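Chemist: First, the structure itself, so that you have it in front of you.
2 protein chains.
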Amino acid sequence: MEARAMLKAAGLYCTAARLAVVDSLLQASGRPIKPSTISAQLGTRFDRVTVYRTLDSLVHADLVHKVFIEERACHYELAHRCSKTQCHPHFTCTCCGHTHCLTQLKIPMAQSPHLGFIVQRQQVRLEGLCPDCA
Amino acid sequence: MEARAMLKAAGLYCTAARLAVVDSLLQASGRPIKPSTISAQLGTRFDRVTVYRTLDSLVHADLVHKVFIEERACHYELAHRCSKTQCHPHFTCTCCGHTHCLTQLKIPMAQSPHLGFIVQRQQVRLEGLCPDCA
DNA sequence: GAAAAACCTGCAACAAAGTTGCAATAATTC
DNA sequence: GAATTATTGCAACTTTGTTGCAGGTTTTTC
Ligand SMILES: [Mn+2]
Ligand SMILES: [Mn+2]
Ligand SMILES: [Zn+2]
Ligand SMILES: [Zn+2]
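In the order they appear, the protein sequences are chains E and Y. In terms of numbering that gives the first Met the number 0, the first sequence opens at residue 0 and continues consecutively. In terms of numbering that gives the first Met the number 0, the second sequence opens at residue 0 and continues consecutively.
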């Protein structure tokens, strides 16, 4: 599914900026990337602020997920391989610092801790050594 | 175990700033707090930069854990109730925004995804409705 | 397909969070 | 208590993200 169709399906205005940002995310080869990386890729075509606002729209429309990794900037990735309740786990190597998406690894959803909490989403972060650094 | 003993045991210089920061964390009633909150509590006694550097020392000495929640600032909490490989899960309410430590909830450690990854630590974030908001 | 409505975007200015260098100060060791 | 080692405050800076508003696009309506 390409950019234009994704935006249409989500009922979002199909603008040049959004197409470009979605393309950046598609080309990120499944790795979460940060707004400044996207901005750099787009060059001067769009303002930094537009990238932030575009990512917000995409997250709001559930096309994109926000990923929290051990870096100051939030990262983003397409949500097409995640379920409503659970994104795949992310693995960050403590040696080289790279983050990998573990799309095949399934982790059972945590049981509500019988105190009245209703769990709607689960996010798992793993840390250790990647194959290159082990 | 109080502040002074913890620092001694970790082989850290026992300074006024570190004692004050550890006290702040002890008084946080088990909730992760952010550097600016600690800074505000300490008033003008210590510089903001000192709080950051102190937290870094404490994290490095494994007395404190960095917690990533859905807020711009990193949060910190004492590590005394966490194992080497796993901190307790954190639950953030999508309604009121509060974060709770689920110290009783045990989540099985993810199996290394048989690709040469060595998993050393796991962090789980849950999202949903807290008892007050449900 | 033009006008109206709804929504996006760039710019400039701002705010919050965190980092760095360096001189002064404090804690520990001997 | 002098020497060593590590921590601190200050000022300046960087990165990341947010806001208001005027002007521009996209979509819808007719
Ligand atoms: Mn991913
Ligand atoms: Mn906690
Ligand atoms: Zn690595
Ligand atoms: Zn709540």
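Beta carbons are placed, not taken as given, at the ideal position from N, Cα and C, and that holds for glycine. Here the structure is a predicted model, which is why all the values come from computation and not from measurement.
Between the C-alpha atoms of Pro130 (chain Y) and Phe90 (chain Y), what's the straight-line distance to the nearest angstrom?
Modeler: Their backbone Cα atoms lie some 11 Å apart in a straight line.
Chemist: Output the distance between the C-alpha atoms of Val50 (chain Y) and Ala72 (chain E), rounded to the nearest integer angstrom.
Modeler: Taking the straight line joining both Cα atoms gives about 21 Å.
Chemist: Quick one: does the C-beta of Leu125 (chain E) sit closer than 7 Å to a heavy atom of ligand 3?
Modeler: Result no, Cβ not under 7 Å from ligand 3.
Chemist: Can you grab the Cα-Cα spacing for the pair Val48 (chain E) / Ser35 (chain E), in whole Å?
Modeler: Distance between the alpha carbons of Val48 (chain E) and Ser35 (chain E) is about 10 Å.
Chemist: Let's see if you can read the secondary structure: which residues bound the beta strand (DSSP E) around Gln119 (chain E)?
Modeler: Gln119 (chain E) -> beta strand (DSSP E) spans 117-128.
Chemist: My guess is that Leu62 (chain E) and Leu77 (chain E) are in contact by the Cβ rule of under 8 Å, so how many angstroms apart are they, rounded?
Modeler: Rounded, the Cβ-Cβ distance is 7 Å, consistent with contact.
Chemist: Should Leu128 (chain E) be counted as a contact of ligand 3 given a C-beta to heavy atom distance under 7 Å?
Modeler: Yes - ligand 3 has a heavy atom lying nearer than 7 Å to the Cβ of Leu128 (chain E).
Chemist: Using a C-beta to C-beta distance shorter than 7 Å, which residues of chain Y count as neighbours of Cys129 (chain E)?
Modeler: Per Cβ cutoff of 7 Å: Phe116.
Chemist: DSSP on Gln85 (chain E), reduced to helix/strand/coil?
Modeler: Note: Gln85 (chain E) maps to strand in three-state DSSP.
Chemist: Just to make sure I have the definition right: I need the residues of chain Y whose C-beta is within less than 9 Å of the C-beta of Phe67 (chain E). Which are they?
Modeler: Here the neighbours are Phe67, Ile68, Glu69, Arg124.
Chemist: Rounded to whole angstroms, what is the Cα-Cα separation between Gln122 (chain Y) and His87 (chain Y)?
Modeler: Distance between the alpha carbons of Gln122 (chain Y) and His87 (chain Y) is about 8 Å.
Chemist: Report back the beta-carbon spacing between Gly29 (chain E) and Cys100 (chain E) to the nearest angstrom; my notes put them in contact at under 8 Å.
Modeler: So it is a contact: roughly 5 Å between Cβ atoms.
Chemist: If we ignore side chains and look at the alpha-carbon of each, how far apart do Cys132 (chain E) and Ser111 (chain Y) end up?
Modeler: If you take the alpha carbons of Cys132 (chain E) and Ser111 (chain Y), they lie about 15 Å apart.
Chemist: Can you name the residues of chain E whose CB is closer than 7 Å to the CB of Pro88 (chain Y)?
Modeler: Result: Ala109.
Chemist: What are the start and end residues of the alpha helix (DSSP H) that includes Lys7 (chain E)?
Modeler: Lys7 (chain E) -> alpha helix (DSSP H) spans 2-9.
Chemist: Compute the Euclidean distance between the alpha carbons of Gln26 (chain E) and Thr84 (chain Y), then round it to the nearest angstrom.
Modeler: Roughly 34 Å between the two C-alpha positions.
Chemist: Which runs of the beta strand (DSSP E) fall wholly inside the stretch 56-101 of chain E and span at least 3 residues, in chain order?
Modeler: Listed in chain order, they are 63-66, 74-77, 89-92, 98-100.
Chemist: Determine the direct distance from the alpha carbon of Leu125 (chain Y) to that of His102 (chain Y), and round the result to whole angstroms.
Modeler: The displayed chain sequence assigns Thr, not His, to residue 102 (chain Y). Those two C-alpha atoms are separated by around 13 Å.
Chemist: How would you list, in chain order, the residues of chain Y whose beta-carbon sits under 8 Å from the beta-carbon of Gln121 (chain E)?
Modeler: Under the 8 Å cutoff, chain Y gives Val123, Arg124, Leu125, Glu126.
Chemist: Distance, Cα to Cα, Ala109 (chain Y) vs Leu128 (chain E)?
Modeler: Their backbone Cα atoms lie some 14 Å apart in a straight line.
Chemist: In angstroms with no decimal places, state the Cα-to-Cα distance between Glu1 (chain E) and Thr14 (chain E).
Modeler: Straight-line Cα distance between these residues: approximately 14 Å.
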